[in-house]
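K.L.:
Have a look at this one.
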Amino acid sequence: ITWITFLLGTLALVGTPFFSGFYSKEHIIEAAGAAHVWGASFAYYATLIGVFVTSLYSFRVYFLVFHGKERFDTSDHGHGHGHDAHGHDDHGHDDHGHGHHGGKPHESPWVVTLPLILLAIPSVLIGAWAVDPMLFGKFFNGVITVLPQHPAMHELHEEWHGWVAFGLHAFQTLPFWLVVAGAVIAWYCYLINPKVPAAIKSSLSGVNKVLENKYYVDWVNEQIIARGLRCLGRGLWQTGDRGIIDGFLINGSARVV
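Counting in full-length UniProt numbering, the sequence shown runs from 1 upward without gaps.
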């Protein structure tokens with residue numbers, strides 16, 4: 001159950017045709033491509049890159065978790081050793097417990113699998129039902145207003161022929177093949193030839209360092225912005241509060257009196 005629901009969720013997340021995620025993602029991409037405002041072209045190509053990257057990391061997780069090399073101890077050595085030592089002293093009991101550590105994974109109980117099933121169903125079905133009324137119907141009337149100078153959604157509406165035709169047409173579009181490319185590359189790099197990611201990481205160590213440090217956004221925030229604001233706060237406190245208010249206005253006036 002965990003395997004199939006994870007796979008269905010992955011297919012929806014990457015925007016596979018006829019899955020729920022496909023209808024929203026595809027319309028975002030097409031709306032960006034049809035828009036005439038400044039920056040729309042950048043947004044369009046950025047979403048295409050996002051399609052590929054999303055497929056790559058989503059299928060990477062799927063293949064590593066469910067089809068990759070086993071990372072748990074499947075041997076019976078530790079378990080048997082625990083039983084042999086159990087009759088001799090208390091240390092045998094400790095070894096027995098150690099033998100059970102990292103055992104073979106098993107299916108989760110219903111408190112986990114039931115929510116997975118309930119989440120998987122709409123991830124497959126709800127998109128086909130909701131796309132027409134939500135995007136081109138009256139579902140958001142009075143909530144979302146599209147100005148006349150932004151006709152992208154109106155142009156998409158003119159070419160809308162239903163969710164089936166839209167899904168079938170997607171197999172001919174670039175986003176679909178970017179999804180396929182991401183899945184195939186993830187399959188090759190993490191199942192067929194796992195040495196490829198290590199080689200790429202080694203050859204692009206600078207890029208890898210930037211990515212591992214999350215573009216240094218946290219460092220800039222903590223070391224420059226936050227530290228600068230703390231220094232500013234201390235300066236205002238020392239100069240304004242202690243120097244001017246306490247030292248001059250309060251204590252200074254008291255000394256004069």
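Note that beta-carbon positions come from the ideal geometry of N, C-alpha and C, so glycine has one too.
Between 62, 226, 202, which has its C-alpha nearest residue 5's C-alpha?
P.N.:
One-based indexing of the sequence shown puts residue 5 at position 5. When each option's Cα is compared against that of residue 5, the closest is 62.
K.L.:
Quick one: using the 10 Å Cβ neighbour count with 16 as the cut-off for buried, is residue 51 buried or exposed?
P.N.:
Locating residue 51 in the sequence shown gives position 51, where the first residue counts as 1. That one is buried.
K.L.:
When the distance is taken between beta carbons, is residue 47 closer than 9 Å to residue 14?
P.N.:
Taking the first residue of the sequence shown as position 1, residue 14 is located at position 14. Taking the first residue of the sequence shown as position 1, residue 47 is located at position 47. For residue 14 and residue 47, no; Cβs fall outside 9 Å.
K.L.:
Between the region 140-160 and the region 110-121, do at least 3 Cβ pairs fall closer than 8 Å?
P.N.:
With the cut-off at 8 Å, the region 140-160 and the region 110-121 do not touch.
K.L.:
Could you pull out every residue in the same chain whose Cβ sits closer than 7 Å to the Cβ of residue 181, ignoring the five residues on either side in sequence?
P.N.:
To locate residue 181, count along the sequence shown from 1; it is residue 181. Within the same chain, residue 181 has close Cβ partners 52.
K.L.:
Ordered along the chain, which non-local residues of its own chain (more than five positions away) have a Cβ less than 8 Å from that of residue 134?
P.N.:
By one-based count along the sequence shown, residue 134 stands at place 134. Excluding positions up to five away in sequence, the list reads 140.
K.L.:
What's the gap between the Cα of residue 240 and the Cα of residue 222?
P.N.:
Locating residue 240 in the sequence shown gives position 240, where the first residue counts as 1. Locating residue 222 in the sequence shown gives position 222, where the first residue counts as 1. Between residue 240 and residue 222, the C-alpha separation is close to 25 Å.
K.L.:
Which complete alpha helix (DSSP H) runs does the region 189-233 hold, if anything under 4 residues is left out?
P.N.:
Counting whole runs of 4 or more residues, the region 189-233 contains the alpha helix (DSSP H) stretches 195-203, 205-212.
K.L.:
Please classify residue 233 as buried or exposed, where buried requires at least 16 neighbouring CB atoms within 10 angstroms.
P.N.:
Within the sequence shown, the letter at position 233 stands for residue 233. It counts as exposed.
K.L.:
Can you tell me the Cβ-Cβ gap for residue 189 and residue 179, rounded? I've got them flagged as a contact below 8 Å.
P.N.:
For the purposes of this step, residue 189 is taken as the residue at position 189 of the sequence shown. For the purposes of this step, residue 179 is taken as the residue at position 179 of the sequence shown. The Cβ separation is near 16 Å, so there is no contact.
K.L.:
Please go through the same chain and pick out, in chain order, the residues whose beta-carbon is closer than 6 Å to the beta-carbon of residue 12, but skip the five residues on each side of it.
P.N.:
Numbered from 1 along the sequence shown, position 12 holds the residue referred to as residue 12. Answer for residue 12: 19, 20, 21, 123, listed in chain order.
K.L.:
For residue 9, which residues from the same chain have a beta carbon less than 8 Å from its beta carbon, with the 5 sequence-adjacent residues on both sides left out?
P.N.:
Your numbering for residue 9 matches position 9 in the sequence shown. Counting only Cβ-Cβ distances below 8 Å, and skipping sequence neighbours, we find 119, 120, 123.
K.L.:
In the structure shown, what three-state DSSP assignment does residue 14 receive?
P.N.:
On the sequence shown, position 14 is the one that residue 14 refers to. Looking at residue 14 - three-state DSSP - the assignment turns out to be coil, as it is neither helix nor strand.
K.L.:
By Cβ distance, which residues of its chain are closer than 8 Å to residue 64, with the 5 residues on each side in sequence left out?
P.N.:
On the sequence shown, position 64 is the one that residue 64 refers to. The residues are 190.
K.L.:
As an exercise, report each continuous alpha helix (DSSP H) stretch of at least 4 residues that is fully enclosed by the region 11-51, in chain order.
P.N.:
You should have 20-34.
K.L.:
With a CB to CB cut of under 7 Å and the five nearest residues on each side skipped, what residues in its chain are close to residue 157?
P.N.:
In the sequence shown, counting from the first residue as 1, residue 157 sits at position 157. Only 136 meet the Cβ criterion.
K.L.:
For residue 228 and residue 220, what's the separation of their Cα atoms in angstroms?
P.N.:
Here residue 228 corresponds to residue number 228 of the sequence shown, with the count starting at 1. Here residue 220 corresponds to residue number 220 of the sequence shown, with the count starting at 1. Distance between the alpha carbons of residue 228 and residue 220 is about 10 Å.
K.L.:
Considering residue 113, what are the terminal residues of the alpha helix (DSSP H) in which it resides?
P.N.:
Here residue 113 is taken as the residue at index 113 of the sequence shown, counted from 1. Segment 110-131, the alpha helix (DSSP H) holding residue 113.
K.L.:
Identify the continuous alpha helix (DSSP H) that holds residue 158 and give its terminal residues.
P.N.:
In the sequence shown, residue 158 corresponds to position 158, counting from 1. It spans 152-158 - the alpha helix (DSSP H) in which residue 158 sits, taken as one unbroken run.
K.L.:
When burial is assigned at 16 or more other CB atoms within 10 Å of the CB, is residue 23 buried or exposed?
P.N.:
In the sequence shown, the residue the question calls residue 23 occupies position 23. Result: buried.
K.L.:
Taking the alpha-carbon positions, what's the residue 244 to residue 216 distance?
P.N.:
On the sequence shown, position 244 is the one that residue 244 refers to. On the sequence shown, position 216 is the one that residue 216 refers to. Roughly 38 Å between the two C-alpha positions.
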